[in-house]
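A.B. asks: For reference, the structure I am asking about is given below.
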Amino acid sequence: MALSRLSLRSNRFLKPTPTLLRHVSTDTTPITIETAVPFESHLCDAPSRSVTTSSSEILTFFRDMARMRRMEIAADSLYKSKLIRGFCHLYDGQEALAVGMEAAITRKDAIITSYRDHCTFLGRGGELVDAFSELMGRKRGCSNGKGGSMHFYKKDACFYGGHGIVGAQIPLGCGLAFAQKYNKEEFVTFTLYGDGAANQGQLFEALNIAALWDLPAILVCENNHYGMGTATWRSAKSPAYFKRGDYVPGLKVDGMDALAVKQACKFAKEHALKNGPIILEMDTYRYHGHSMSDPGSTYRTRDEVSGVRQVRDPIERVRKLLLTHDIATEKELKDMEKEVRKEVDDAVAQAKESPVPEPSELFTNMYVKDCGVESFGADRKELKVTLP
Amino acid sequence: MAARIHGGAGAGAATALSTFNPKKLVAPSRTNLPAITRSKRYIVASGSDASNKSLRVRHSQKLIANAAVAVCLLSLILHELLLFEALQEGLEEEMDRDPHVCVMGEDVGHYGGSYKVTKGLADKFGDLRVLDTPICENAFTGMGIGAAMTGLRPVIEGMNMGFLLLAFNQISNNCGMLHYTSGGQFTIPVVIRGPGGVGRQLGAEHSQRLESYFQSIPGIQMVACSTPYNAKGLMKAAIRSENPVILFEHVLLYNLKEKIPDEEYICNLEEAEMVRPGEHITILTYSRMRYHVMQAAKTLVNKGYDPEVIDIRSLKPFDLYTIGNSVKKTHRVLIVEECMRTGGIGASLTAAINENFHDYLDAPVMCLSSQDVPTPYAGTLEEWTVVQPAQIVTAVEQLCQ
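Residue numbers (UniProt numbering), protein chains in the order written: chain A, 1 to 388; chain B, 1 to 401.
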């Protein structure tokens with residue numbers, strides 16, 4: 001019935017059939033929405049608060065964020081049942097960042113992030129099955145099971161991972177931007193790091209080079225206010241991360257608002273292609289602890305977490321948006337969530353069935369086979385594996 | 001163009017090329033030693049030997065008819081240069097050949113390189129390909145690796161190898177491991193190079209030997225050059241390799257003079273070089289110690305010993321094929337290195353030889369390395385931290401009793 005109401009506004013829809021009720025709206029007429037929180041800027045003009053979007057885009061946001069949220073919750077339960085081992089850093093609460101960024105850029109723009117990379121991988125077009133297989137160490141995983149939670153990569157979508165050491169991805173990201181400039185491509189690199197990594201020296205080193213050489217690098221600080229267990233006010237003398245670039249312009253964005261994120265990323269891309277690096281500080285929040293080994297309640301109160309969940313949750317925001325603009329009904333959204341849940345459960349089941357890597361995989365991908373070699377160990381006496 | 005891969009001997013030690021022996025250009029390293037019966041074997045590591053499972057080089061198929069004659073003729077067109085010029089030549093040729101190759105480091109561009117290895121390249125190739133970085137090893141090494149992930153081939157120069165300790169995280173975690181942890185999606189074709197080793201009273205922090213620290217990093221290859229011939233060859237091979245390669249140069253070897261062929265050649269990254277074939281004892285060495293060993297060898301020859309000197313060149317992985325053949329012949333091994341005693345290249349090599357060739361040894365493997373001290377400033381003390389020819393002679397005499 002919502003769709004029939006919509007057809008009063010635009011007659012681009014087909015007559016609603018029961019199956020079409022479940023499909024994402026294909027309406028791309030532009031809608032303009034104001035962001036709730038204004039942008040704060042440093043050394044540049046803030047972009048306008050009016051974001052141009054469309055119903056199909058907002059519905060995509062909802063679906064993608066719901067999928068990401070479900071994936072993280074499923075990962076949580078898989079970790080507790082010991083199918084995922086090691087470290088598992090979950091992104092729920094921060095989904096708006098991943099989807100908002102994707103909406104503003106192309107698959108040829110590069111993204112590199114730290115270990116909290118499951119949702120960014122999904123946003124870049126990664127499959128749920130590949131993600132879960134990698135988390136469970138199966139061959140089907142995006143890194144053949146050899147990387148794990150912190151090492152998701154997707155080369156064809158220009159997603160460069162997935163890095164375990166805090167801050168080490170920042171120089172790598174500037175290197176990606178350098179390569180884009182070297183090859184004279186009109187693309188940019190988004191280098192994501194957290195509020196904890198914002199105190200690393202290599203950030204400032206890389207920023208200096210990026211600004212000096214005019215690299216199309218956009219450094220995005222995902223400020224979820226806690227560097228593992230330490231709050232920002234306890235670790236940074238100046239928690240205004242967007243200003244810390246000094247000579248590099250910065251923008252502070254409400255990271256729980258997917259549309260604001262989209263606007264900021266679009267603005268940043270245009271800026272970077274013309275004027276060099278820019279810092280985006282995304283004010284966001286994570287509901288889980290730093291990782292699955294961290295309960296997340298020793299350094300913050302449960303009231304704080306539930307408060308953010310009630311007031312600023314990104315999915316609820318988009319849901320409200322969809323309902324107030326009559327793009328979808330309550331029921332349709334619930335159905336969509338049910339579908340997504342089923343998708344995720346199917347993917348988990350499929351990943352559970354998938355086989356573990358062969359023992360010979362231990363030695364593959366150590367060195368690239370250059371000149372037609374068979375790979376020996378360092379002693380070259382024993383043939384360890386014949387590379388394909 | 002058919003760049004020929006010269007294995008092994010090359011043009012011999014840089015000390016003198018007066019005895020131009022065509023047989024010396026033949027690579028004996030893939031066949032049994034000595035090469036006299038096989039003198040008709042050609043330069044390239046032969047691909048025709050089916051049972052030979054060792055490194056098959058891509059260009060091995062392009063054998064030239066009458067190669068022995070051709071080698072003599074072509075390689076007679078030599079030109080003389082210094083080691084740093086050889087490195088520069090190799091770098092320049094590769095940058096000409098492949099537009100993806102770029103150089104980054106401190107003062108490599110307008111200044112010309114602190115050891116003149118990149119002199120003139122900035123004028124020729126421009127600022128985007130020869131990049132002067134600020135002093136931030138961690139960041140620019142990381143940048144080089146990030147650029148390599150997309151397909152560029154950066155050559156990262158550390159002004160002194162010791163400074164690369166600041167970039168250890170990037171070298172170990174990203175450079176070495178990304179190919180593996182991404183399941184083969186990304187290759188990191190970087191070359192990390194720089195001078196290291198004990199110089200002339202440079203002080204403790206500027207006289208470091210980092211081979212020992214980097215050798216455990218999985219996923220990288222390490223080579224050490226010692227002559228202008230192998231410097232150019234290894235530089236070119238390292239740039240063309242899809243794997244990350246660390247090329248160790250030595251501060252005191254930059255002014256070595258040698259005649260190298262005009263025509264293009266590259267050296268095998270994983271092959272050791274036979275410097276002087278012999279019968280009594282195998283001496284394994286690399287980089288600057290090669291010259292101390294050759295000096296000691298002169299004394300030893302006068303005393304009646306016949307040492308076989310091998311420049312291992314490839315520090316990771318070791319060329320145990322060449323080394324093994326040598327051990328099987330002489331049954332005695334002496335390792336002479338400039339690395340620290342504890343956990344150095346010599347220590348690993350000793351372990352590898354003992355593990356693999358224990359039955360062939362008549363005496364325990366002896367390893368002469370630098371003392372486990374920070375290099376002092378005083379000249380006399382500094383001399384005693386590294387291995388001197390006299391010590392090598394004593395050690396050989398001891399082993400050959």
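Idealized CB from N, CA, C, for every residue including glycine.
(1) For Q398 (chain B), count the other beta carbons within 10 Å of its own beta carbon; 16 or more makes it buried, fewer makes it exposed. Which is it?
(2) Tell me whether the beta-carbon of V348 (chain A) lies closer than 8 angstroms to the beta-carbon of F132 (chain A).
(3) Taking Cβ to Cβ, would you say F163 (chain B) is nearer than 8 angstroms to M104 (chain B)?
(4) Would A139 (chain B) pass as an interface residue toward chain A - the criterion being a Cβ-Cβ separation below 8 angstroms?
(5) If you draw a straight line from the C-alpha of residue 402 (chain A) to the C-alpha of A260 (chain A), how long is it?
(6) Is the Cβ of G161 (chain A) closer than 8 angstroms to any Cβ of chain B?
(7) On the CB-based measure, 16 or more other CB atoms within 10 Å of its CB, does W213 (chain A) come out buried or exposed?
(8) By the 7 angstroms beta-carbon criterion, what residues does the region 157-191 of chain B contribute toward chain A?
(9) Measuring straight from C-alpha to C-alpha, what distance separates A390 (chain B) and A296 (chain B)?
(10) Please decide whether P171 (chain A) counts as near chain B, where near means a Cβ-Cβ distance under 8 angstroms.
(11) With a threshold of 8 angstroms between beta-carbons, can I239 (chain B) be considered close to chain A, or not?
(12) If the cut is a Cβ gap below 9 angstroms, which residues of chain E does N208 (chain A) touch?
(13) Identify, in the order they occur along the chain, each residue of the same chain with its Cβ nearer than 8 angstroms to the Cβ of I220 (chain B), setting aside the five sequence neighbours on each side.
(14) If T189 (chain A) and D254 (chain A) are in contact, beta carbons under 8 angstroms, what's the gap, nearest whole angstrom?
(15) Could you check whether the Cβ of C267 (chain B) sits closer than 8 angstroms to any Cβ belonging to chain A?
(16) To the nearest angstrom, how far is the alpha carbon of P261 (chain B) from that of L78 (chain B)?
(17) Using a Cβ cut-off of 7 angstroms, pull out every chain A residue sitting near L152 (chain B), in sequence order please.
(18) Cα separation between M68 (chain A) and L202 (chain B)?
(19) Can you pull the chain A neighbours of M222 (chain B), defined as C-beta to C-beta under 8 angstroms?
(20) Distance check for S354 (chain A) and L128 (chain A), CA to CA, integer angstroms please.
(21) Under 7 angstroms, CB to CB, which of the residues in the region 275-303 of chain B have a partner in chain A?
(22) Taking 8 angstroms as the cut-off, decide whether the C-beta atoms of I170 (chain A) and Y153 (chain A) are in contact.
(23) Could you check the C-alpha separation between A258 (chain A) and E316 (chain A) for me, to the nearest Å?
(24) Output needed in chain order: residues of the region 121-139 of chain A with a Cβ under 7 angstroms from some Cβ in chain B.
(25) Going by DSSP, what residue range makes up the beta strand (DSSP E) through C44 (chain A)?
(26) So, helix, strand or coil for residue 478 (chain B), using DSSP?
(27) May I have the straight-line CA-CA distance separating F121 (chain A) from G229 (chain A), to the nearest angstrom?
(28) Of all Cβ atoms in chain A, is any one closer than 8 angstroms to the Cβ of D340 (chain B)?
(29) Anything in chain B within Cβ reach of K146 (chain A), meaning under 8 angstroms, just list it in chain order.
(30) Counting only C-beta atoms, is K236 (chain B) closer than 8 angstroms to chain A at any point?
(31) Can you give me the C-alpha to C-alpha distance between G158 (chain B) and G194 (chain B), rounded to a whole angstrom?
(32) Using C-beta distances below 7 angstroms, list every residue in its chain close to A66 (chain A), excluding the 5 sequence neighbours before and after it, in chain order.
(33) For K237 (chain A), would you say it is in contact with chain B, using Cβ-to-Cβ distances shorter than 8 angstroms as the test?
(34) Using a Cβ-Cβ cutoff of 7 angstroms, what residues of the region 101-117 of chain A are near chain B? List them in chain order.
(35) Starting from the C-beta of E89 (chain B), find all residues in its chain whose C-beta is less than 6 angstroms away, skip the five residues before and the five after it, and write them out in chain order.
(36) How would you list, in chain order, the residues of chain A whose beta-carbon sits under 8 angstroms from the beta-carbon of L128 (chain B)?
C.D. replies: With the given structure in hand:
(1) Burial state of Q398 (chain B) is exposed, judged by a 10 Å Cβ sphere holding fewer than 16 other Cβ atoms.
(2) Against a cut-off of 8 angstroms, the Cβ pair of F132 (chain A) and V348 (chain A) comes out as a contact.
(3) No. Outside cutoff.
(4) With 8 angstroms as the cut-off, A139 (chain B) counts as an interface residue toward chain A.
(5) The question about residue 402 (chain A) has no answer here: the residues shown for chain A are numbered 1 through 388.
(6) Residue contact check for G161 (chain A) against chain B: a CB pair falls below 8 angstroms.
(7) Under this definition W213 (chain A) is a buried residue.
(8) Listed in sequence order: N169, Q170, N173, N174, H179, Y180, T181, S182, G183, G184, Q185, F186 and T187.
(9) Between A390 (chain B) and A296 (chain B), the C-alpha separation is close to 7 angstroms.
(10) Taking Cβ atoms only, chain B reaches closer than 8 angstroms to P171 (chain A), which makes this a yes.
(11) No, because no Cβ of chain A sits closer than 8 angstroms to the Cβ of I239 (chain B).
(12) Judged by its chain identifiers, the structure shown contains no chain E, and its protein chains are A and B.
(13) Excluding sequence neighbours, I220 (chain B) sits near I171, C175, G176, F214, N243, P244, V245, I246 and K316.
(14) So it is not a contact: roughly 23 angstroms between Cβ atoms.
(15) Taking Cβ atoms only, chain A never reaches closer than 8 angstroms to C267 (chain B), which makes this a no.
(16) Distance between the alpha carbons of P261 (chain B) and L78 (chain B): 4 angstroms.
(17) Within chain A, the C-beta atoms nearer than 7 angstroms to that of L152 (chain B) come from A179 and Y182, in chain order.
(18) Cα atoms of M68 (chain A) and L202 (chain B): separation of roughly 56 angstroms, rounded to the nearest angstrom.
(19) One finds nothing in chain A with a Cβ atom closer than 8 angstroms to the Cβ of M222 (chain B); even the nearest lies about 11 angstroms away.
(20) About 13 angstroms.
(21) Listed by position along the chain: nothing, the set is empty.
(22) No. Outside cutoff.
(23) Roughly 11 angstroms between the two C-alpha positions.
(24) Answer in chain order: no residues at all.
(25) In the DSSP annotation of this structure, C44 (chain A) is not part of any beta strand (DSSP E), being labelled neither H nor E.
(26) There is simply no residue 478 (chain B) to check, as chain B begins at 1 and stops at 401 in what is shown.
(27) Computed Cα separation, rounded: 25 angstroms.
(28) First, the amino acid is wrong: residue 340 (chain B) is Met here, not Asp. With respect to chain A, the C-beta atom of M340 (chain B) has no partner C-beta closer than 8 angstroms.
(29) The answer, in chain order, is Y180, T181 and G183.
(30) No, because no Cβ of chain A sits closer than 8 angstroms to the Cβ of K236 (chain B).
(31) In this structure, the CA atom of G158 (chain B) is about 5 angstroms from the CA atom of G194 (chain B).
(32) Here the set comprises I315, M336, E337 and V340.
(33) Judged by the 8 angstroms Cβ criterion, K237 (chain A) is not in contact with chain B.
(34) Taking 7 angstroms as the Cβ-Cβ cut-off against chain B, none of the residues of the region 101-117 of chain A qualify.
(35) Excluding residues up to 5 positions away in sequence, K232 lie with their Cβ nearer than 6 angstroms to the Cβ of E89 (chain B) in the same chain.
(36) Result: K181 and Y182.
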